[in-house]
Amino acid sequence: MIVQLEHHFPTGGYSKDISGGWRIMSMARVQDSIITQRKDRILRLLQAEFQLTEAEIATRLNLERRTVNNYLHELGARVEKEGHYWMLSPYHFRIPRHLDLDAEQVVMLYLAIRLFVKQSDRRSETAETLLATFAGILSEDLAAGEYFTQAMRDLAARPEVKAHEDILRTLARAMIQRRQVEIIYQPLQGREFKTNFSPYLLEPSGIGFATYAIGESSIVSALRTYKVERIISAKLLQTTFAIPDDFPGLDLLRNAWSIYYGLSRPSASCCGSHPTWLGESARLTGELHPNLKPTPIVPTLFA
């Protein structure tokens, strides 16, 4: 006789067999099912209450606050945070399609993400989580060896900058949703400043081990390039933007010079460069931007 465990453990994961009894699902399936249900409860709660703090969500659903924090971040673009309050994102319908990858494609993505994480001089929780996912697939699902997870752990052991939030994630969301972001920026030289920024493009670069954001800055009403690692804070705004038709996005992505488009400080003119610096930059990048004309202005791109 099969004991109907659901009456004793109602939160467990069970599947009904052909004899009318119940059997326990695998632990992994149980865990996945519970997590999915909890995330759905969070979404329904936010839909009903409009906005709640992390602590309020934890209290309403009788969950640990750390657990709620993890779920909220895993929900990604479906929710967003403004100050201390979480709410459903008005852009939650922009969810990427699910990928069906073969083993070789997993390797390619792992290499690309590992290169990004390894070459960034500041840690990104989002990128490291993604790297851990692909490392786990290679080590566990594909049995390619423990090297992948060990290498991932080694990168995750680097010192963490406590004050640095995952600003890159905010910029990525702003770029996708075409929303401005309020940033506080600290140049290499000079005082920090605040500006509303419309990120048109994000571009990684081996030079400076950094990622650069290219877009319009409200402080000068012109295109500027900001080094993401020098952004102190980033707050997603409700103000939307449209990328102008004459924005040379394809040219920038096609060229190694893309990170030099615009300047990171509001006091200098766009694309101004000193001839000596041009020679050094050409040596670093291997090419000059075809439309760049030298002018006697000392650059401040690497702020």
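For what it's worth, the working numbering labels the leading residue of the sequence shown as 1, then goes sequentially. Glycine included, C-beta positions come from ideal geometry on N, C-alpha and C. The model shown is predicted, which means the values in this text are computed figures rather than measured ones.
Alpha-carbon spacing of residue i relative to residue j, whole angstroms
{"i": "A308", "j": "F116", "result": "Past the boundaries of the shown model lies residue 308; the chain is included only from 1 to 303, so the question cannot be answered."}
{"i": "D40", "j": "E74", "result": "12 Å"}
{"i": "R60", "j": "R38", "result": "12 Å"}
{"i": "P199", "j": "A222", "result": "12 Å"}
{"i": "L252", "j": "S205", "result": "13 Å"}
{"i": "L131", "j": "V181", "result": "26 Å"}
{"i": "A48", "j": "I57", "result": "12 Å"}
{"i": "I183", "j": "I232", "result": "7 Å"}
{"i": "A234", "j": "A172", "result": "11 Å"}
{"i": "K118", "j": "A77", "result": "25 Å"}
{"i": "F50", "j": "L250", "result": "39 Å"}
{"i": "F193", "j": "Y185", "result": "5 Å"}
{"i": "R254", "j": "I214", "result": "14 Å"}
{"i": "I219", "j": "G83", "result": "23 Å"}
{"i": "D141", "j": "Q31", "result": "18 Å"}
{"i": "P159", "j": "R153", "result": "12 Å"}
{"i": "I207", "j": "T133", "result": "27 Å"}
{"i": "N70", "j": "I35", "result": "10 Å"}
{"i": "M108", "j": "R65", "result": "36 Å"}
{"i": "L168", "j": "G145", "result": "31 Å"}
{"i": "Q238", "j": "K81", "result": "12 Å"}
{"i": "A103", "j": "A112", "result": "15 Å"}
{"i": "R224", "j": "F209", "result": "19 Å"}
{"i": "Q147", "j": "Y85", "result": "According to the sequence as given, residue 147 is Tyr; it is not Gln. Between Y147 and Y85, the C-alpha separation is close to 40 Å."}
{"i": "L99", "j": "A157", "result": "29 Å"}
Proximity below 9 Å, CB of residue i to CB of residue j
{"i": "M175", "j": "L201", "result": "yes"}
{"i": "Y110", "j": "A135", "result": "yes"}
{"i": "E54", "j": "L43", "result": "no"}
{"i": "T211", "j": "S120", "result": "yes"}
{"i": "Y226", "j": "F247", "result": "no"}
{"i": "T170", "j": "L101", "result": "no"}
{"i": "V68", "j": "L46", "result": "no"}
{"i": "M87", "j": "L52", "result": "yes"}
{"i": "S33", "j": "Q177", "result": "no"}
{"i": "S139", "j": "T129", "result": "no"}
{"i": "A151", "j": "R179", "result": "no"}
Opposing strand residues paired with residue i [DSSP bridges]
{"i": "Q51", "result": "M87"}
{"i": "I183", "result": "T195 and A234"}
{"i": "E203", "result": "Y212"}
{"i": "T240", "result": "R179"}
{"i": "S217", "result": "F197 and A222"}
{"i": "V79", "result": "L88"}
{"i": "K227", "result": "Y212"}
Whole-angstrom C-beta distance between residue j and residue i, which should lie under 8 Å
{"i": "L166", "j": "S217", "result": "The sequence given here places Asp at residue 166; Leu does not occur at that position. Contact flag wrong, Cβ pair sits at about 21 Å."}
{"i": "E229", "j": "R122", "result": "5 Å"}
{"i": "I137", "j": "V106", "result": "6 Å"}
Residue-level contact to chain D via CB, residue i, 9 Å cutoff
{"i": "I184", "result": "The chain labelled as chain D is not found in the depicted structure, where only one protein chain is given."}
Contact test: residue i Cβ vs the ligand NAD heavy atom, cutoff 8 Å
{"i": "L72", "result": "The ligand content of the structure shown is nil, which means the ligand NAD is not present either."}
(Q) Any contact between the stretch 240-250 and the stretch 183-191? By contact I mean 3 or more CB pairs, one from each, below 8 Å. (A) no
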